[in-house]
Structure formats: C-alpha cells, structure tokens
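Asks: The following block contains the structure, expressed as structure tokens.
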DNA sequence: ATAACATTCAAACGTTCGTTTTAACCGGAC
DNA sequence: GTCCGGTTAAAACGAACGTTTGAATGTTAT
C-alpha cells in the first residue's frame, strides 16, 4: 500500500529539523557538525543523510519549513487588508508585513524564536545557494507589498520607495535576529522583547514614520 | 635592537588581513579554510599561525583593524558636533553616527566595502567570542550617542528611545551589509548603493523620521 | 664574515568533517 | 510463520581541517 502510516509521522525528521534550527542559530551552518546535530536530536548519525540526502538539503528544509508559511501568511494578511479597502494605509501595510514575523518570534512553545534569530542572519548569508533560496521564497510576497505601497504612496518616487522598503526590511530583520545588542545599548530587560504587542506598536510607529518621512528635494549631481 | 625595521612593514600581515576580510565575507569564518585564505593572500600556510597565533586571533584582528578607527571617528564626529552647540538635533546626531560607516562602505580602493558587509553579519554572529568582542568595541561610542540622544529628545521615555536606537542600529547594519535584497525588492541599479551622499541623505531622512515618530499613548496590559 | 634574529617554507601531525556502507531491526500484508 | 519496504544502527571511508615542526632563507648588527 502506498498509504503512509499515520503513526509518529516523520518524528525523526521533525527532531532533526528542531535540533538543526537551534544549532544553526547558535553555531552557524558550517559550525554545526552532523555528529553534534544528530546527538542533540537523539537520532543516528546517518539519519540526516537518509531523510534529507545531505547537510545542504537539510539547511534548505529548515528554511522551507518556516519561511513558506510565513510568506503565505504575509500575502494572506495583505489580501485581507485589500478586501476591506482598495488602498490601505502605509501603516496598515507595514503591520501586515511585520506581523507574521513577530508572531513567529513570540512563539514560545515552538522553536519559532530560534528560527527568527536564524532568519535574520540569512539576509547577509555568505552561502550563495542559501541566499538565492531565500530570495526565491521572498520574491512573491515582496512584489505584492511593493505594489501595495506604491498604491498607498503614489507621490513618492519609485527609487526612494525602494530604498525605504529596504530600510524597513532591514529594521525588521535586525529586530527579529538581534540578540544582545539591545542590552548593549542600554540596560533593557530582555523580557520586553517578547511582549509581541508592544513591540509591534513600537516597530510600526517607527517604520511608518520613516516610510512617510518628508521628501527633501534631492540634489543629484550630474552624471 | 628592538627598533622594528620600517621596510615593507608587516606586508604579510596586511595581505592576510585583506584576504581574510574578503573571504570571511564570502564564506563566513568557519567556511574559510586556512589553505584557501593563505593561497589567496599569497603567503605560506603557516603564516597566519606565525603572525596571529591562531585562526580565532586572526578573526579578532580583522575586526580590530576597522572597528576601532570607525568608533573613534564616531566619537570624534559627536565631539565636533557638541563643540558647536550643547544639544545637537537628532538628525545631526544620526548623521554623525552613520557617516563613519557609510564612508567605509564607499571606500572603493581599500577593501572597506568588504568589511562593511562582514560587519553587518556580526550583530547576529553565532560565535559568542566574536559577539562579545564586537560589543566591547561598540560600548563606548554607544554610551556617548545614547546620552546625546537623551539630551536631544528629553520628552521621550527611556525605554522607547532604547528601542528606537535599536531600530536605527539595525537599519544601518542591514544597509551596510545587505547584498542583493535590494535588487530582490525591485530592479535597483547596484551602482546607486555607492553614491554615498545620496544614501546618507536617504538614510538620515528615514531614521530621523522614525526616531521622531509621534508617541502614541501606549496601552500596557497590567502585569 | 659571522652571529643573532625574524620570517618563510614544505611536510607532516592528529583530529574531525560529511558521507557511505552493511547489517540489524520492525510493523503489516499475505 | 514469512516476506518485505521503511527505518535505524554501528563502523568505517577518504578528504579536509587547524596547527606544529624543523630546516631553509633572508636581514640586521657587530
């Protein structure tokens, strides 16, 4: 029969993915050995190669498991928004964009927090393969949000908007990923980070203001 | 004599540091082998251990070479600013903070651009040692800028300011480090990134607006 | 010239890496 | 029971890792 049993469906796979998420975050990809990984997961050394094929394929699987749902959620949030009004406000769009990430970060029981830390690193990931993979997974949501913001801010030059989206993206990425820099800047209680609602408010206010920053008459020097 | 010769002063060291900067950025620390590194630098395999002691010590040296001068420049910019007026504007403070980083990024002939890409990665660096090292090197400048911003924005709650500094820091870090995400968001000519002046204007406008975002009456749920 | 020193070099060290192999195990189908 | 696909187990593979060694080489002071 080709009917997959409904037993502990791929428990080993899940254990490996969980351990990989945590260890990749702590030590990076190259810094995490298969022996350490499989030991932490409580599985045999050969299990990774059996279930995923190779270490590189495992890396990809780790990202796919979380990133695909997150970007699906991002698009769903935007759909919901645009169903109510044709041209949502920049602030509402920002909120729709950052919410799925923050939700993952606030996820206490699951290892979502591990993943957001890992995720933040990927935007500057050295591995070309990983960067391309991430790019592919983000592209659809990005196009949607770019179009939505162009509609919300019709007066803004396109290249300026691209840069402000870039800044916005960076702020979120850093917020999701950063570990102890906040405590470095000031004595900040780390439990604040997990108050998802408060963080969403702060981040939205900051990003909305930045996105709506007054447009100076930019002095371009002749080429 | 203990007088060091003035000849090609530590040429091998410099060649190693340059190669390390580029390769660490491309492949990460663990992903860069000593054999590849020394080959690229055109030095013997044993040269790194001879001149720096170990690979880890080389990593530290790579950061020290660039980070120390950059944070010295940051403090100097702030000194210069506060010499003119006691309480500079938030925008001026922001500009003073981001300028040294952007200057390094725009540095075409030197490998400064390589370093800024590498630097952006460090804020989410897995290695505890590296993170602590970076933290130590940033701390003095950070305290100065925090104090300056508190003076410039006396009405802002301290914890809100800390978070906005955090966002600001993240935006700059991401801007310095990001590689192809901008092109992912939109067809953005990569040569724009190197127009340091234009980028400074854009970044300053965005950050100043975010830092000055209106303070909503935050609804805190009772503990 | 020669002694003392700093640097470079080729070779090898032991360890750990990701992966492969081969046998054992296990639950259902017949 | 017997067979069989899916999974786990222990052991070994060759390759690559960071580091060390000891001799060779260049450089400077006497």
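Chains as they are written, first to last, in my numbering: chain A, 8 to 230; chain B, 8 to 230. Cβ atoms here follow ideal geometry from the backbone N, Cα and C, with glycine treated the same way. As the structure is a computational prediction, the values presented were derived from the model and not from experiment.
#1: Which residues mark the beginning and the end of the alpha helix (DSSP H) in which residue 78(A) is found?
#2: Mind listing the chain B neighbours of residue 219(A)? Cutoff is C-beta to C-beta under 9 Å, in chain order.
#3: Looking at C-beta atoms only, is the number of pairs between the stretch 103 to 116 of chain A and the stretch 207 to 214 of chain A that lie closer than 8 Å three or more?
#4: Does residue 50(A) come out as helix, strand or coil in the three-state DSSP assignment?
#5: Taking DSSP as the reference, what is the three-state secondary structure of residue 145(A)?
#6: Quick one: which chain B residues come within Cβ less than 9 Å of residue 128(A)?
#7: Taking the straight line between their C-alpha atoms, what separation do you get for residue 114(A) and residue 62(A)?
#8: Pick helix, strand or coil for residue 13(B), following the three-state DSSP scheme.
#9: Is any heavy atom in the ligand SAM found nearer than 7 Å to the beta carbon of residue 151(B)?
#10: Going by C-alpha to C-alpha distance, which of 39(B), 158(B), 93(B) and 87(B) sits closest to residue 134(A)?
#11: Tell me the DSSP secondary structure of residue 204(A) in three-state form.
#12: What does the alpha-carbon distance come out to for the pair residue 54(A) and residue 70(A)?
#13: For a contact defined as C-beta to C-beta under 7 Å, what are the partners of residue 1(B) on chain A?
#14: Whole angstroms are fine: how far does the CA of residue 19(A) sit from the CA of residue 51(A)?
#15: Under the rule that 16 or more other beta-carbon atoms within 10 Å means buried, what is residue 173(B), buried or exposed?
#16: So, for residue 147(A): in the same chain, excluding its five sequence neighbours on each side, which residues have a beta-carbon less than 8 Å away from its beta-carbon?
#17: Using three-state DSSP, classify residue 57(B) as helix, strand or coil.
#18: So, are the CB atoms of residue 128(A) and residue 131(B) less than 8 Å apart?
#19: If you check the beta carbons only, do residue 28(A) and residue 109(A) fall under 8 Å apart?
#20: Please go through the same chain and pick out, in chain order, the residues whose beta-carbon is closer than 6 Å to the beta-carbon of residue 123(A), but skip the five residues on each side of it.
#21: Using a C-beta to C-beta distance shorter than 9 Å, which residues of chain B count as neighbours of residue 184(A)?
#22: Might you give, ordered along the chain, the residues of its own chain that have their beta carbon closer than 7 Å to the beta carbon of residue 158(B), omitting 5 neighbours on each side?
#23: Residue 104(B) touches chain A at which residues, Cβ-Cβ below 7 Å?
#24: In chain order, which continuous runs of the alpha helix (DSSP H) of length 4 or greater are located wholly inside the stretch 99 to 161 of chain B?
#25: In chain B, what lies closer than 8 Å to residue 171(A) by C-beta?
#26: Under a Cβ-count criterion, where at least 16 other Cβ atoms within 10 Å of its own Cβ denotes burial, should residue 84(B) be classed as buried or exposed?
#27: Do residue 80(A) and residue 88(A) have their C-beta atoms closer together than 8 Å?
#28: In chain order, what residues of the same chain lie with their CB nearer than 7 Å to the CB of residue 137(B), ignoring the 5 residues before and after it?
#29: What residues in its chain sit with their C-beta under 8 Å from that of residue 12(B), if we drop five residues either side in the sequence?
#30: Can you tell me whether residue 212(B) is helix, strand or coil according to DSSP?
#31: Against chain A, with Cβ distances strictly below 8 Å, would residue 29(B) count as a contact?
#32: Specify, as a first and last residue, the run of the alpha helix (DSSP H) that residue 26(B) falls within.
#33: Between which two residues does the alpha helix (DSSP H) harbouring residue 220(B) extend?
#34: Relative to the alpha-carbon of residue 210(A), which residue among 116(B), 219(B) and 96(B) has its alpha-carbon at the smallest distance?
Replies: In short, the structure shows the following:
#1: Position 71 of the first chain holds residue 78(A). Element bounds for residue 78(A): 62 to 91.
#2: As a position in the first chain, residue 219(A) is number 212, starting the count at 1. Residues of chain B passing the Cβ test: 216.
#3: yes
#4: Start at 1 with the first residue of the first chain, and residue 50(A) comes out as number 43. Three-state result, residue 50(A): coil.
#5: What you label residue 145(A) is simply residue 138 of the first chain in a count that begins at 1. Helix, per DSSP.
#6: Here residue 128(A) is taken as the residue at index 121 of the first chain, counted from 1. Within 9 Å Cβ-Cβ: 128, 131, 132 and 133.
#7: Locating residue 114(A) in the first chain gives position 107, counting from the first residue. Locating residue 62(A) in the first chain gives position 55, counting from the first residue. Going from the Cα of residue 114(A) to the Cα of residue 62(A) covers about 26 Å.
#8: Your numbering for residue 13(B) matches position 6 in the second chain. Its pLDDT being 37, under 50, residue 13(B) is placed unreliably in this model, and the value from its coordinates should be taken loosely. DSSP places residue 13(B) in coil when its eight states are reduced to three.
#9: The ligand SAM is not among the ligands present in this structure, which contains no ligands whatsoever.
#10: For the purposes of this step, residue 134(A) is taken as the residue at position 127 of the first chain. The residue with the shortest Cα to Cα distance from residue 134(A) is 39(B).
#11: Within the first chain, the letter at position 197 stands for residue 204(A). Helix, per DSSP.
#12: Within the first chain, residue 54(A) is the residue found at index 47, counting from 1. Within the first chain, residue 70(A) is the residue found at index 63, counting from 1. Distance between the alpha carbons of residue 54(A) and residue 70(A) is about 19 Å.
#13: Any question about residue 1(B) goes unanswered here, given that chain B covers just 8 to 230.
#14: Residue mapping note: residue 51(A) aligns to position 44 of the first chain, counting from 1. Residue mapping note: residue 19(A) aligns to position 12 of the first chain, counting from 1. Rounded to the nearest angstrom, the two C-alpha atoms are 9 Å apart.
#15: Residue 173(B) sits at position 166 when you count from the first residue of the second chain. Its Cβ being crowded by 16 or more others within 10 Å, residue 173(B) is buried.
#16: On the first chain, residue 147(A) is found 140 positions in, with the first residue counted as 1. 78 and 82.
#17: As a working mapping, residue 57(B) is identified with position 50 in the second chain. Of the three classes helix, strand and coil, the one that applies to residue 57(B) here is helix, per DSSP.
#18: Translated into the one-based positions of the first chain, residue 128(A) becomes position 121. Translated into the one-based positions of the second chain, residue 131(B) becomes position 124. Yes, Cβ-Cβ distance for residue 128(A) and residue 131(B) is below 8 Å.
#19: In the first chain, the residue the question calls residue 28(A) occupies position 21. In the first chain, the residue the question calls residue 109(A) occupies position 102. Their beta carbons are not under 8 Å apart, which means residue 28(A) does not touch residue 109(A) by this criterion.
#20: Counted from its first residue, the first chain places residue 123(A) at position 116. So the qualifying residues of the chain are 111, 112 and 183.
#21: To locate residue 184(A), count along the first chain from 1; it is residue 177. 130, 131 and 177, listed in chain order.
#22: Here residue 158(B) corresponds to residue number 151 of the second chain, with the count starting at 1. If we look at residue 158(B) and ignore the five residues flanking it on each side, its Cβ neighbours are 94.
#23: The residue given as residue 104(B) occupies position 97 in the second chain. Simply none; closest approach about 12 Å.
#24: 119 to 129 and 135 to 159
#25: Mapped onto the first chain, residue 171(A) falls at position 164. The contacting residues are 209 and 213.
#26: Counting from 1 along the second chain, the entry for residue 84(B) is found at position 77. The residue is buried, with at least 16 neighbouring Cβ atoms inside 10 Å.
#27: The residue given as residue 80(A) occupies position 73 in the first chain. The residue given as residue 88(A) occupies position 81 in the first chain. No. Outside cutoff.
#28: Position 130 of the second chain, counted from the first residue, corresponds to residue 137(B). For residue 137(B), where only same-chain residues beyond five positions count, the Cβ hits under 7 Å are 66 and 129.
#29: For the purposes of this step, residue 12(B) is identified with residue 5 of the second chain, where counting begins at 1. Low per-residue confidence applies at residue 12(B): pLDDT is 37, beneath 50, and the placement is therefore not dependable, though the value from the model is reported in the following sentence. Around residue 12(B): no qualifying Cβ.
#30: Looking up residue 212(B) in the second chain gives position 205. Helix, per DSSP.
#31: The residue given as residue 29(B) occupies position 22 in the second chain. By this cut-off, residue 29(B) is not an interface position.
#32: By one-based count along the second chain, residue 26(B) stands at place 19. Counting along the chain, the alpha helix (DSSP H) containing residue 26(B) begins and ends at 18 to 34.
#33: Numbered from its first residue, the second chain carries residue 220(B) at position 213. That residue, residue 220(B), is in no alpha helix (DSSP H); it is neither H nor E in DSSP.
#34: Walking along the first chain from the start, residue 210(A) turns up at place 203. The shortest C-alpha separation from residue 210(A) is found at 219(B).
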